[in-house]
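Participant:
There are 2 protein chains.
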Amino acid sequence: MARKPGSKAEITGPRIRAAALRLFARHGYAAVSMRQIATEVGVQAGALYLYTPDKQTLLFELMRGHMEDLLAALAAEVQPADPVAALEGFTRFHIRFHAARSDAVFVSYMELRNLEPANFARLEGLRRSYEDRLEAILQSGQRAGQFAVPDTKLAALALIAMLTGVNTWYREGGRLSLATVEAHYWDMVRKAMGAVG
Amino acid sequence: MARKPGSKAEITGPRIRAAALRLFARHGYAAVSMRQIATEVGVQAGALYLYTPDKQTLLFELMRGHMEDLLAALAAEVQPADPVAALEGFTRFHIRFHAARSDAVFVSYMELRNLEPANFARLEGLRRSYEDRLEAILQSGQRAGQFAVPDTKLAALALIAMLTGVNTWYREGGRLSLATVEAHYWDMVRKAMGAVG
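Residue numbers (UniProt numbering), protein chains in the order written: chain P, 1 to 197; chain U, 1 to 197.
What follows is the structure, encoded as structure tokens:
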């Protein structure tokens, strides 16, 4: 019999990913068993293996999914434009995207050490693509005389670290709204890159 | 009989801390047992309990030691001065101190979730002291009209994240020396704070 849309088997994938992400973020990859993930989802451990061959693949697919979503959202939301406008778009996009996914951001940074070499290399490739998008904005502004940056590669890494850092302290309902945080960070980013125009 | 300086019992503390830090950084606190730490040190598990009552205390003492070393080194190396000079001193100090201690930095960030509430609160107090030192520099520069920062608290957090980020990519012997990295970051920090003078 063909499976009906919305059947139990079809919704298990997202539920498994959400449960694994939550448990990895709370306890760390090495400390979480496939059995615990199954319990969190409410299925038998055997059912997990219909979805993923092993825990390493589950971790890698979570991290790869996070980076691919990031790259796709960046392409959709930050259009090629004047370099200063593109840098503002990138700044605001990065803060918003990451603030909404704190578990995925934490796991993506923390569990790099637990990726097998081939998976690590694939993830580093995706990460470099994202850094390259920002560096391309900085280089085009540099060429147009709109930015003054001593080293565009270094500047891209510095800005990404600064913007991702919002996740370590930002809480919804805190002293500042996310829109205010974005505006204040854009002020610092713009000045740090010596932006003109 | 009184213990002689340099006896086995006296050198065990630093060796236990070094082994625990290495194992926590590689595998995560939750995945490392006291027995594994003892094996890494080359002592019986029982000997570990002469040094520390439990694994939680060992983790907390590592993280507390790291923050106290950081605060003491900052006080010794970055003297009160003109705000721009103090900010440059802070920038270069932060990069150098953290680049030399990548395992401690990684564990201090990653294992916050594994601290018991009272230990977490004490560590957050130390962390806030460090952020406050930087914010005080920014505030004094702001009062003197030498910096133009929309929010000094936010700026302190942004700069610390940016500077600590060096640890995620810097490798000795890479494309840039640490002195060059310091100089490039200082250029960005100075501009980001709208520094005059």
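Every residue gets a Cβ at the ideal spot worked out from N, C-alpha and C, and that includes glycine.
Of all the options P/ILE137, P/THR180, P/TRP169, which has the alpha carbon lying nearest to the alpha carbon of P/VAL84?
Facilitator: By 1-based counting over the first sequence, the position of residue 84 of chain P is 84. Per the Cα distances, P/ILE137.
Participant: Distance, Cα to Cα, P/PHE97 vs U/TYR51?
Facilitator: Along the first sequence, read from residue 1 onward, the residue named residue 97 of chain P stands at position 97. Along the second sequence, read from residue 1 onward, the residue named residue 51 of chain U stands at position 51. Cα atoms of P/PHE97 and U/TYR51: separation of roughly 45 Å, rounded to the nearest angstrom.
Participant: Measuring straight from C-alpha to C-alpha, what distance separates P/PRO53 and U/HIS27?
Facilitator: As a position in the first sequence, residue 53 of chain P is number 53, starting the count at 1. As a position in the second sequence, residue 27 of chain U is number 27, starting the count at 1. Rounded to the nearest angstrom, the two C-alpha atoms are 22 Å apart.
Participant: Would the region 156-170 of chain U count as touching the region 127-144 of chain U if we require 3 or more Cβ pairs under 8 Å?
Facilitator: Flag = yes, the region 156-170 of chain U and the region 127-144 of chain U touch.
Participant: Which residue comes first and which comes last in the alpha helix (DSSP H) that contains P/GLU40?
Facilitator: Against the first sequence, residue 40 of chain P aligns to sequence position 40. Looking at the DSSP string, the run of the alpha helix (DSSP H) that includes P/GLU40 is 34-41.
Participant: Let me confirm a value: P/GLY173 is counted as buried when at least 16 other C-beta atoms fall within 10 Å, else exposed. Which label applies?
Facilitator: One-based indexing of the first sequence puts residue 173 of chain P at position 173. Exposed, by the Cβ-count rule.
Participant: Beta-carbon separation of P/LEU21 and P/GLN36 under 8 Å?
Facilitator: Counting from one through the first sequence, the residue named residue 21 of chain P turns up at place 21. Counting from one through the first sequence, the residue named residue 36 of chain P turns up at place 36. For P/LEU21 and P/GLN36, no; Cβs fall outside 8 Å.
Participant: CB U/MET162 to CB P/MET110, shorter than 8 Å?
Facilitator: The residue you call residue 162 of chain U lines up with position 162 of the second sequence. The residue you call residue 110 of chain P lines up with position 110 of the first sequence. Cβ atoms of U/MET162 and P/MET110: not closer than 8 Å.
Participant: Quick check: what's the CA-CA separation for U/ASN167 versus U/SER102?
Facilitator: The sequence position of residue 167 of chain U within the second sequence is 167, counting from 1. The sequence position of residue 102 of chain U within the second sequence is 102, counting from 1. Each residue's alpha carbon lies about 6 Å from the other.
Participant: Return the CA-CA distance between P/ALA104 and U/ALA73, expressed in angstroms with no decimal places.
Facilitator: Translated into positions along the first sequence, residue 104 of chain P becomes position 104. Translated into positions along the second sequence, residue 73 of chain U becomes position 73. C-alpha separation (whole angstroms): 34 Å.
Participant: Would you kindly work out how many angstroms separate the C-alpha atoms of U/ALA81 and P/ARG190, rounded to a whole number?
Facilitator: In the second sequence, residue 81 of chain U corresponds to position 81, counting from 1. In the first sequence, residue 190 of chain P corresponds to position 190, counting from 1. Answer to the nearest angstrom: the Cα atoms are 27 Å apart.
Participant: Note down the Cα distance separating U/GLU124 from U/PHE106, rounded to an integer number of angstroms.
Facilitator: Taking the first residue of the second sequence as 1, we reach residue 124 of chain U at position 124. Taking the first residue of the second sequence as 1, we reach residue 106 of chain U at position 106. Their Cα atoms are separated by approximately 16 Å.
Participant: At the level of alpha carbons, what is the spacing between U/ALA76 and U/HIS66?
Facilitator: Your numbering for residue 76 of chain U matches position 76 in the second sequence. Your numbering for residue 66 of chain U matches position 66 in the second sequence. So the alpha carbons of these two residues sit roughly 15 Å apart.
Participant: Considering P/GLU61, what are the terminal residues of the alpha helix (DSSP H) in which it resides?
Facilitator: Locating residue 61 of chain P in the first sequence gives position 61, counting from the first residue. Residues 55-77.
Participant: When DSSP labels each residue in this structure, what does P/ALA148 get in the three-state scheme?
Facilitator: What you label residue 148 of chain P is simply residue 148 of the first sequence in a count that begins at 1. Residue state, collapsed to three classes: coil.
Participant: For a cutoff of 8 Å on Cβ pairs, would you count U/ALA86 as touching chain P?
Facilitator: If you number the second sequence from 1, residue 86 of chain U lands on position 86. Taking Cβ atoms only, chain P never reaches closer than 8 Å to U/ALA86, which makes this a no.
Participant: Give me the chain P residues within the contact set of U/GLY184, using Cβ-Cβ distance strictly less than 7 Å, ordered along the chain.
Facilitator: What you label residue 184 of chain U is simply residue 184 of the second sequence in a count that begins at 1. It should be pointed out that residue 184 of chain U corresponds to His in this sequence rather than to Gly. Chain P residues near U/HIS184: PRO150, ASP151, LEU154.
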